[in-house]
Each structure stands twice: as structure tokens, then as C-alpha cells.
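Reminder that position 131 of the sequence shown reads as 179 in my numbering, one-by-one numbering, no gaps. For glycine and all other residues, C-beta sits at the position ideal for the given N, C-alpha and C. For reference, the structure is listed below as C-alpha cells.
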Amino acid sequence: MAIGDLRSAPVLIGRTPLLRLTAFERDTPGVELYAKAEWHNPSGSVKARAAGRILDDAERSGLLTLRRTILDASSGNTGIAYAMIGASRGYQIAICVPANVTPERVRALRSYGAEVILTDPLEGSDGAIRAARARFAAAPSKYFYADQYNNDANWRAHYDTTAPEIWAETNGRVTHFIAGLGTSGTFVGTSRRLRQWNPAIRLISFQPDAPLHGIEGLKHMDSAIVPGIYDPALAHENLRISTDESYAMTRRLATEGIPAGVSSGAAIAAVLRVASRLTHGVVVTIFPDGAERYVSERFWREQDA
């Protein structure tokens, strides 16, 4: 997906590699395992897809002009994507993020010139959402509030790009699609399109198993502000993944030469849980970002129990 311009040069978002996870297939004989390596997007994460579509649609509709500052709540990755794209187009950016996000994410936001508003870490992404809403309510003419959690452009980005890529890269052989729930845009948009092409595809979402968790980018839906774009009826199954399990699998991914982030560790944990029940199939998931945004985290020094 080519979007906008980077001072007249195109920014290419999407068309990320589909990795075959052969090292993990040893645990699941007869089942093919794949993951989209979304850190190959220009902002370093899957969120470039949604952020690009949100900003493109807002510019086309006239809601976003250079007189307005781009404002949103983020756990980091969408904010970084807004900041990268927005800076390339001459916009000011203000991003509300929980104060406990990794320092790598805060540095990335500031490197693009974004204003970073740190919110209560105990409130997680919900606290960032409340802060963004309050800031917009206080000065609605100053901001374009992108509202990624309730903006249909979020899931439509995946409907139009992520799903067609997966379908083409697997030659339509995909049997199971698995993705985590944060804004839910990746799961909702990709699943809706894949289901249209093959209603037999199993659609499986996952989320943290507890309200207080360490899987950045994901929401515990039972205790969080539920995104307006989330469709709980879409998934055939919704798995719960623990923080410890996610950390352990992130470390394993690294030892297999896959430099993925924490939510990717949760994704491969969910994939292996599903694949363990199968005798055959083509299972595809999303690895949202890379390990470089988590290098300061202590879990890298921990050992599996």
C-alpha cells in the first residue's frame, strides 16, 4: 500500500514478508506455521498500516489539515507511525502513552518531534485514551483526534492490505488465522476479508489472561475500555495468554533468529496451542513489531522455569 508522500517520495507500507516458522513446526508435525514480519514496515510495526489509512482518509475528508495537530492515545507503535508519517507531511503530533511503555518507544516518538504525554501506568492504554479524550474536548479546533480504537479506517487498512497479502502468499491455502487484540483492527479487518474468501477458515483471537499484564499493545477486554471497532462475534475462539508465556516465547523466537517483540511471543504461544490440536493445516499469525523496541526489558535476562 503506497500512501501519501515523504517530501514527494512515496512511503511504502505493507507487503511485509511471510515467514515460515520451520523451527516451531518440529512441535507440530503436519501443520505449516507462518507469521507476517510486520517490523518491516517503515515505522517498524504493523501499526503503520492503520495509521497510514487513518491519516489518508482524514486528509481526503478535510478533517485533517496543517492547522490541526494529530492527537491520539497509543501504547507506542501507532503513535510512532503517526509521528513518522505526520512528520513527513509537516504535521504536529501529540501522543498520549502510558508512562511504563518501553523507553525505546518514547525515544522513537520524540525523535520524530512528537509531543509525548505520559499517563498513569496503572491505567494502561485506558488512561491514555482518557487523557487524549480530555485534551481533545478542551481544544477541539486545535486537534485532529485520530481515535484509532473507534476509527473504521483502522480495520479497513487490514481488510484491504493484510488479508490480501496473506491470501496471495499462501495461495489461498490458509486454514487458520490468529491475531492479538489491542485496538482489534488487525484481527477484525483481516478476518472479515479472509472469511469472505473462505468461510471455513478458523478465526482465532487472543488477549492477555489478566488485567495487569506485561504484553504491550494488547488489551484484556474484560477489564478495559472496549474498542468500538471490536467485533466479539467474529472469532471462533478467543485464547488467553499469560505474560510469562509471552516472554518465554519471545526469548525462544530470538534464539531461532527471529527478532520479534513481546506481542509476537504471545502470538506464537497462541499458534502452538492451536496447532497442537491439528494433524494438518496452514496457520498464519501476525508478528506486530521487532525486538529492538524491548531491548531494555528485564525479561531478556530471565531463564525459563
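Discussion item. Assuming Glu163 and Ala147 are in contact, meaning their beta carbons sit under 8 Å apart, how far apart are those beta carbons, in whole angstroms?
Written reply: Actually they are not in contact, since the Cβ atoms of Glu163 and Ala147 sit about 15 Å apart, beyond 8 Å.
Practice prompt. Jot down the residue ranges of each uninterrupted alpha helix (DSSP H) in the segment 219-296, minimum 4 residues, whole runs only, in chain order.
Written response: Taking 4 residues as the shortest admissible run, the segment 219-296 contains the following complete alpha helix (DSSP H) segments, listed from N- to C-terminal end: 233-245.
Worksheet item: Whole-angstrom Cβ separation of Gly237 and Tyr197, contact assumed at under 8 Å?
Response: Rounded, the Cβ-Cβ distance is 14 Å, inconsistent with contact.
Practice prompt. Apply the 10 Å Cβ neighbour rule to His284 and answer buried if 16 or more other Cβ atoms are within range, or exposed otherwise.
Written response: exposed
Item to complete: Please classify Glu86: is it buried, with 16 or more other beta-carbons within 10 angstroms of its beta-carbon, or exposed?
Response: buried
Item to complete: With DSSP as the reference, label Arg17 as helix, strand or coil.
Response: The shown model of the chain, from 49 to 353, leaves out residue 17, and the question about it has no answer.
Worksheet item: Does the distance from the C-beta atom of Pro280 to that of His268 stay below 8 Å?
Response: no
Fill in: Beta-carbon contacts of Thr298 that lie in its chain and below 6 Å, excluding the five residues immediately before and after
For Thr298, where only same-chain residues beyond five positions count, the Cβ hits under 6 Å are Val310, Gly313.
Worksheet item: Are Thr218 and Ile249 closer than 8 Å when you measure CB to CB?
Response: no
Worksheet item: For the segment 176-183 against the segment 102-116, are there 3 or more C-beta pairs whose distance is under 8 Å?
Response: no
Practice prompt. Output yes or no for whether 8 Å exceeds the beta carbon distance between Ser123 and Ser173.
Written response: yes
Discussion item. Output needed for Thr234: all residues of its chain with C-beta closer than 7 Å, excluding positions within five of it in sequence on either side, in chain order.
Written reply: Val94, His206, Thr210, Ala227, Ile334
Item to complete: Pull up the CB-CB distance for Val331 and Val322, whole angstroms please, since I reckon it's below 8 Å.
Response: 6 Å
Worksheet item: Can the beta-carbon of His261 be found closer than 8 Å to that of Thr231?
Response: No, the pair does not count as a contact, with Cβ atoms beyond the cut-off.
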